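Protein chains in written order, with this note's numbering: chain L, 158 to 564; chain U, 3 to 141.
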């Protein structure tokens, strides 16, 4: 394992040097989006200063180098998640669009009235609503894998949900609201025993866990660039070649066609069939720089550091009177959700903000999870590789101060 | 007192608090003074949408003037709604609908007016003005 030099890492993230409300920023909202290292920020500037041009179109020099750079990212993503083919990497706007592509295109082709889609009780709204929309349109049904009060999925119940009508399983690898790491491989194997393909929402996993889509044997895998130290507006849908080829295109437009006449259009091959219109070129290219940055440090080293920080933060937060952790699964990653007796999460968030500490409060786009725990929302502390124990101490002091004011 | 006289008085009150912490403690204190909405009105019909915390607001017309009662499950939000009630309650619908609420900026709470802020101060202001207009039309 490479050495993990936290001072050097922090120095790479310019925003960590700024103040908020007169105090040094302590950024614990990484589940919403991560900050960007200067390697990514500089790459964005370099793109516009040196190579801005549309991709996959022009014969001229700039178009060729921007296209090359865009396609380099595709190969970096392929290597990063160990996909078999680079054309299995579809560049999207983000996780949400990636899930919507599967719901829309796989759904259109293979899911009909009376069929069933299995999701879990801990999904983000973006892995619920696309399936509900499909069900409204097609007359199919959603089946929900239940979870227990620690925030772990009930795998026995999961097994019992399968029937000959089950057409797809879609679940999150890591819960954004609870931090639970689901046993993805085991769940995929169970689905495959029933010949049912699986989509994994990897939005909260990609920046914390090493992903190998072939070892997982997952059929679709979705994630976002901005949660892995990269730009906003770019994400990835990985899909197995065989499935992607069977699916109709998502949107119609430029880049996704082979030939267009007013009588008939033939579609382009993978991956372009699913990439209509000019993509977010700069974000697509610079996602590659974010991957380089992560690989330069190493996900094993990142995970070891973040796990230690998670343990430290959990143990320090346990000192707070009246705290209740929401999500106490055995396998957790970088997310701590909690409530404090008699205090609204929103009030805590406002006071912490005044102290320079950024946390998220509310339902975290996972209202069914909040309903399951019978709470209006939580305070969520989500960690990244650049956070430190000293920042956790600042959070604890701030929380004590907030509770003194609010209680 | 007119709406503007109340606003000016609040601006003067808040000017004593330079430190944000004292300011928020004062807001929380004001929350405790809000005329509380009756339990029977604490239902979805009287909830202000757009708040991360729950805010209930109930308007009544007496002698040509609108009176508000309110509550919230978050203490800072309760302080903010209390401020609004203090300024707007007891005035005619027309005065409420036309009120220019300059005090929010002057006491340093402008950040709470942004549409993306989860406390819904903007929604509170809109709803109170809407209630005033609706009550005037009914009268």
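Virtual Cβ for every residue (Gly too), placed ideally from N, Cα, C.
These numbers come from a predicted model, not from an experiment.
Whole-Å CB distance - residue i paired with residue j, under 8 Å assumed
i	j	result
residue 312 (chain L)	residue 304 (chain L)	In fact, because the Cβ distance is near 11 Å, the residues do not count as touching under 8 Å.
residue 197 (chain L)	residue 438 (chain L)	That pair is no contact at about 15 Å.
residue 519 (chain L)	residue 447 (chain L)	No, residue 519 (chain L) and residue 447 (chain L) are not in contact; Cβ-Cβ is about 27 Å, not under 8 Å.
residue 317 (chain L)	residue 276 (chain L)	Wrong, their Cβ atoms sit about 15 Å apart, outside the cutoff.
residue 185 (chain L)	residue 514 (chain L)	7 Å
residue 359 (chain L)	residue 330 (chain L)	5 Å
residue 297 (chain L)	residue 280 (chain L)	At roughly 16 Å, the Cβ-Cβ gap does not stay under 8 Å, so residue 297 (chain L) and residue 280 (chain L) are not in contact.
residue 166 (chain L)	residue 454 (chain L)	7 Å
residue 63 (chain U)	residue 137 (chain U)	5 Å
Closest by C-alpha distance to residue i, when choosing among the options
i	options	result
residue 321 (chain L)	L:332, L:350 and L:182	L:350
residue 486 (chain L)	L:517, L:212 and L:494	L:494
residue 559 (chain L)	U:87, U:77, U:94 and U:130	U:77
residue 112 (chain L)	L:254, L:243, L:292 and L:255	Given a span of 158 to 564 for chain L in the structure shown, any question on residue 112 (chain L) remains unanswerable.
residue 163 (chain L)	L:554, L:562, L:546 and L:556	L:546
residue 106 (chain U)	U:95, U:126, U:51 and U:94	U:126
residue 251 (chain L)	L:380, L:224, L:173 and L:355	L:380
residue 470 (chain L)	L:502, L:427 and L:537	L:537
residue 497 (chain L)	L:512, L:354, L:279 and L:534	L:534
residue 55 (chain U)	L:430, L:165, L:435 and L:532	L:532
residue 189 (chain L)	L:521, L:549, L:555 and L:554	L:521
residue 476 (chain L)	L:549, L:361, L:300 and L:434	L:549
residue 393 (chain L)	L:421, L:408 and L:357	L:357
residue 500 (chain L)	L:473, L:431 and L:479	L:479
residue 347 (chain L)	L:373, L:227 and L:367	L:373
residue 264 (chain L)	L:473, L:389, L:404 and L:382	L:404
residue 434 (chain L)	L:202, L:467 and L:249	L:249
residue 90 (chain U)	U:34, U:59, U:17 and U:122	U:59
Reduced DSSP category for residue i - H, G, I as helix; E, B as strand; rest coil
i	result
residue 73 (chain U)	strand
residue 88 (chain U)	helix
residue 283 (chain L)	helix
residue 355 (chain L)	strand
residue 93 (chain U)	strand
residue 396 (chain L)	strand
residue 203 (chain L)	helix
residue 566 (chain L)	Past the edges of chain L, shown from 158 to 564, lies residue 566 (chain L), and the structure says nothing about it.
residue 337 (chain L)	strand
residue 240 (chain L)	coil
residue 49 (chain U)	strand
residue 542 (chain L)	coil
residue 79 (chain U)	helix
residue 3 (chain U)	coil
residue 265 (chain L)	helix
residue 300 (chain L)	strand
residue 63 (chain U)	strand
residue 481 (chain L)	strand
residue 451 (chain L)	helix
residue 249 (chain L)	strand
residue 271 (chain L)	coil
residue 555 (chain L)	helix
residue 422 (chain L)	strand
residue 180 (chain L)	strand
Euclidean distance between Cα positions of residue i and residue j
i	j	result
residue 175 (chain L)	residue 161 (chain L)	23 Å
residue 542 (chain L)	residue 365 (chain L)	9 Å
residue 191 (chain L)	residue 363 (chain L)	12 Å
residue 450 (chain L)	residue 193 (chain L)	10 Å
residue 443 (chain L)	residue 200 (chain L)	6 Å
residue 425 (chain L)	residue 371 (chain L)	25 Å
residue 13 (chain U)	residue 98 (chain U)	19 Å
residue 551 (chain L)	residue 481 (chain L)	20 Å
residue 523 (chain L)	residue 71 (chain U)	32 Å
residue 61 (chain U)	residue 68 (chain U)	6 Å
residue 108 (chain U)	residue 181 (chain L)	26 Å
residue 172 (chain L)	residue 23 (chain U)	25 Å
residue 352 (chain L)	residue 391 (chain L)	31 Å
residue 65 (chain U)	residue 561 (chain L)	43 Å
residue 343 (chain L)	residue 355 (chain L)	12 Å
residue 109 (chain L)	residue 130 (chain U)	In the structure displayed, chain L extends from 158 to 564; residue 109 (chain L) sits before or after that span and is not available.
residue 395 (chain L)	residue 368 (chain L)	12 Å
residue 92 (chain U)	residue 4 (chain U)	9 Å
Exercise for the section: Would you be able to state if there are at least three C-beta pairs under 8 Å between the segment 400-417 of chain L and the segment 454-472 of chain L? Expected result: no
Problem - the segment 526-540 of chain L / the segment 101-115 of chain U touching (three or more Cβ pairs under 8 Å) - result: no
Practice task
Decide yes or no for the touch test of the segment 409-419 of chain L against the segment 231-244 of chain L: beta carbon pairs closer than 8 Å, at least 3 of them.
Solution key: no
Problem - Three or more C-beta pairs below 8 Å linking the segment 327-342 of chain L and the segment 198-207 of chain L - result: no
Exercise for the section: Determine contact between the segment 26-39 of chain U and the segment 531-541 of chain L, defined as no fewer than three beta-carbon pairs at a distance below 8 Å. Expected result: No, the segment 26-39 of chain U does not touch the segment 531-541 of chain L.
Handout entry: Stretch pair the segment 255-266 of chain L + the segment 277-292 of chain L: three plus CB contacts closer than 8 Å
Key = Between the segment 255-266 of chain L and the segment 277-292 of chain L there are three or more inter-stretch CB-CB distances shorter than 8 Å, so the stretches are counted as touching.
Practice task
For the segment 26-35 of chain U and the segment 73-87 of chain U, state whether three or more C-beta atom pairs, one from each stretch, are separated by less than 8 Å.
Solution key: yes
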